[in-house]
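See structure below.
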Amino acid sequence: MSHPNTHPSSHPSSHQSSHPSSHPNTHPNTHPSSHPNTPLKLTFNSPRAWLFRLVQSVAVWVADVEATQATHPTHCTEATEATETEKRLRAQVTGLEQQLRGTEARVRYSEIARETEKKRHEEEVCRLDAELANVSRGIKGSLYAKDQVAVECRQWRRKFEDLEDQQQQEQQQQGLNLVREMKGRSRWAPAKKYGVGKRERGQQKKAFTAIAQVAIVNAAWESKLVKFESEARDYVARTDDQLRSLHGAATALSDQNACLQQQVNANHGITHELAQQQVKDAVASTMLFADHKHEEAVKELKQAHSEELMAVKAGHEKESMKATSTVKAEADTARTQQREAAERAAKEESRLKKELGAQEAQLGELQAANAKTVGELQAANAHMLGQLQAKEEELNEAIEEIRSQREARNELWERYTRLRFDFDDLEKERNDLVHSVQGLDEAVDDMARDGERLIQRVEILEGENRVLHENLTELVRTSVLTGIDLQQSRRRADNLQQQVATLETADLTAAVSGMGVGAE
Numbered sequence: 001m002s003h004p005n006t007h008p009s010s011h012p013s014s015h016q017s018s019h020p021s022s023h024p025n026t027h028p029n030t031h032p033s034s035h036p037n038t039p040l041k042l043t044f045n046s047p048r049a050w051l052f053r054l055v056q057s058v059a060v061w062v063a064d065v066e067a068t069q070a071t072h073p074t075h076c077t078e079a080t081e082a083t084e085t086e087k088r089l090r091a092q093v094t095g096l097e098q099q100l101r102g103t104e105a106r107v108r109y110s111e112i113a114r115e116t117e118k119k120r121h122e123e124e125v126c127r128l129d130a131e132l133a134n135v136s137r138g139i140k141g142s143l144y145a146k147d148q149v150a151v152e153c154r155q156w157r158r159k160f161e162d163l164e165d166q167q168q169q170e171q172q173q174q175g176l177n178l179v180r181e182m183k184g185r186s187r188w189a190p191a192k193k194y195g196v197g198k199r200e201r202g203q204q205k206k207a208f209t210a211i212a213q214v215a216i217v218n219a220a221w222e223s224k225l226v227k228f229e230s231e232a233r234d235y236v237a238r239t240d241d242q243l244r245s246l247h248g249a250a251t252a253l254s255d256q257n258a259c260l261q262q263q264v265n266a267n268h269g270i271t272h273e274l275a276q277q278q279v280k281d282a283v284a285s286t287m288l289f290a291d292h293k294h295e296e297a298v299k300e301l302k303q304a305h306s307e308e309l310m311a312v313k314a315g316h317e318k319e320s321m322k323a324t325s326t327v328k329a330e331a332d333t334a335r336t337q338q339r340e341a342a343e344r345a346a347k348e349e350s351r352l353k354k355e356l357g358a359q360e361a362q363l364g365e366l367q368a369a370n371a372k373t374v375g376e377l378q379a380a381n382a383h384m385l386g387q388l389q390a391k392e393e394e395l396n397e398a399i400e401e402i403r404s405q406r407e408a409r410n411e412l413w414e415r416y417t418r419l420r421f422d423f424d425d426l427e428k429e430r431n432d433l434v435h436s437v438q439g440l441d442e443a444v445d446d447m448a449r450d451g452e453r454l455i456q457r458v459e460i461l462e463g464e465n466r467v468l469h470e471n472l473t474e475l476v477r478t479s480v481l482t483g484i485d486l487q488q489s490r491r492r493a494d495n496l497q498q499q500v501a502t503l504e505t506a507d508l509t510a511a512v513s514g515m516g517v518g519a520e
């Protein structure tokens, strides 16, 4: 750090030559004498670092100036001038500190706004991706519909060509040219009640040949196909325009995201050599401006002192010329006055020495305070740099966390897709099981109905057996009561018993066979 020239009386003409390293030709004076309080307006990549460096440089420069003034004491006017310069520099340092706080607040606001803008850009990209997917699906659907229409038109054209060939063959075979002279009706001729349409009553029916009908239908289908193709072409053109606009918007958003990513990944630490060189230029220009103002003040003081000396000298000469005529009479009075003046001068000299000692002590205190201020500024600078590095580390950690979250989200999406496919398979299996259960329920219902029918059949057979048993009992009673033809009755009874046994056996066999069939 260079020292400005604070002693113009002892070094009047060696200001530029005594400091060659601090005032190169590449550092112009950016502070003219007409603007003494103009603040420094320089553009840097990192305003925090620039303000820290500038405050530190100004504080060191103030300390150097005070040290130079302490080692080279001057007149009391120069001490007063140094005090004013120190006050002005302190005011500049206070202003720079306020600018630093304002710059820090703006940096925080800009970081918050940048994060908000980044989120908005991500949402806009997602929305445009969704719109692009919808447009692509619409294009695919329109192309598929166009293909389907083309296929349908080809099929109908092929059918009508086949019909036309068949009609021509029939006309060549039978020698008939009109459709109304043909036996029956063709496939494409509509069936009408009573042979005529509602609008054709009382009018002669207009006949068309099969070739004309095929040509009319073919022309209609051609016009319909052309209309479909034009609509599909217009839709494809519109979707292409939308795709171009969406691609342009997506490209712009990707560029903005890249710029934001570069700004996020940018290093907000100490600036590069260009910023340091600009800070040195600013400090040098400030020193040049202070030296210029100091030289102007010294010149004004010299001019004022020289005018006062010339006036005092002229008055002294006049007084001496007047006193030469009367000095002899007032010699004793003059000697007494001279002695008193010498005493007053000695007293004034002692008073000035005391004031100079007090000013030197005050200057030492100011130097100590400035050194303390420089230490505090350096500590604050180191603390702020540490905070900036910590914020950069936090930002990098946040970026890594975002990447890991994206990877986890992709993994979860893949897992969700697999689970969705598994769920669809399970849903299909469940539907199959439901259908099979419904079939089993129907089979159970059928078996229950068969069982009910068997129970009803068994009840009917039991009733018939009861009736037969009653008949048998009555026959036995009649055989016992009458006693006539006992043998015949016994034979008849045996026959009846055999018939009953046969019927029971047949009924049981039928019932068992029916139950087996129902169980199967």
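For the sequence shown, the positions run 1 to 520 when full-length UniProt numbering is used. All C-beta atoms in this analysis are idealised placements derived from N, C-alpha and C, irrespective of residue type, glycine included. Computed from a prediction, not measured in an experiment: that's the story for all the values here.
Close CB contacts of L468 within its chain, under the 6 Å cut and outside five residues either way in sequence, are with V500 (chain order). Cβ-Cβ distances below 8 Å link T94 to nothing in the same chain once the five nearest sequence neighbours on each side are left out. Put simply, the region 492 to 507 does not touch the region 440 to 449. Fewer than three CB pairs are less than 8 Å apart. In terms of Cα proximity to E360, the closest of F228, E111, T80 and F421 is T80. Only buried fits Q167, as 16 or more other CB atoms lie within 10 angstroms of its CB. Spatial neighbours of L96 in its own chain (CB-CB distance under 8 Å, excluding positions within 5 residues in sequence) are listed in chain order as L51, L54, V55 and V58.
Taking 9 Å as the cut-off, the beta carbon of L243 is found no closer than this to the beta carbon of I112. Three or more beta-carbon pairs separated by less than 8 Å link the region 223 to 232 to the region 142 to 155, which places the two stretches in contact. Distance check between R157 and each of W221, E340, D450 and T336 places W221 closest, using alpha-carbon atoms only. Taking the Cα positions, R120 is about 45 Å away from L89. One Cα belongs to E401, the other to N410, and the distance between them is close to 14 Å.
S436 has its alpha-carbon roughly 42 Å from the corresponding atom of A130.
For the 9 Å CB-CB criterion, L472 and A493 form a contact.
Taking C-alpha positions only, T509 is separated from D450 by approximately 17 Å. Between the beta-carbon of L128 and that of L246 there is about 6 Å, and that keeps the pair under the 8 Å contact cut.
Every candidate beta strand (DSSP E) stretch fails here, since none sits fully inside the region 362 to 400 while reaching 3 residues.
By the Cβ neighbour-count rule, T85 is buried, with 16 or more other Cβ atoms within 10 Å of its own.
Counting C-beta atoms within 10 angstroms of its own C-beta, L352 has fewer than 16 neighbours from the protein chains shown and is therefore classed as exposed. Take the alpha-carbon of N396 and the one of K372: they are about 36 Å apart.
Taking 9 Å as the cut-off, the Cβ atoms of E464 and L503 count as close. C-alpha of N218 to C-alpha of R238: approximately 30 Å in a straight line.
Exclusion of the five residues before and after A249 leaves L128 as the residues of its chain whose Cβ lies within less than 6 Å of its Cβ.
The alpha carbon of Y235 has as its nearest neighbour, out of E170, V135 and E296, the alpha carbon of V135. Separation of Q378 and M384 (C-alpha to C-alpha, rounded to the nearest whole angstrom) is 10 Å.
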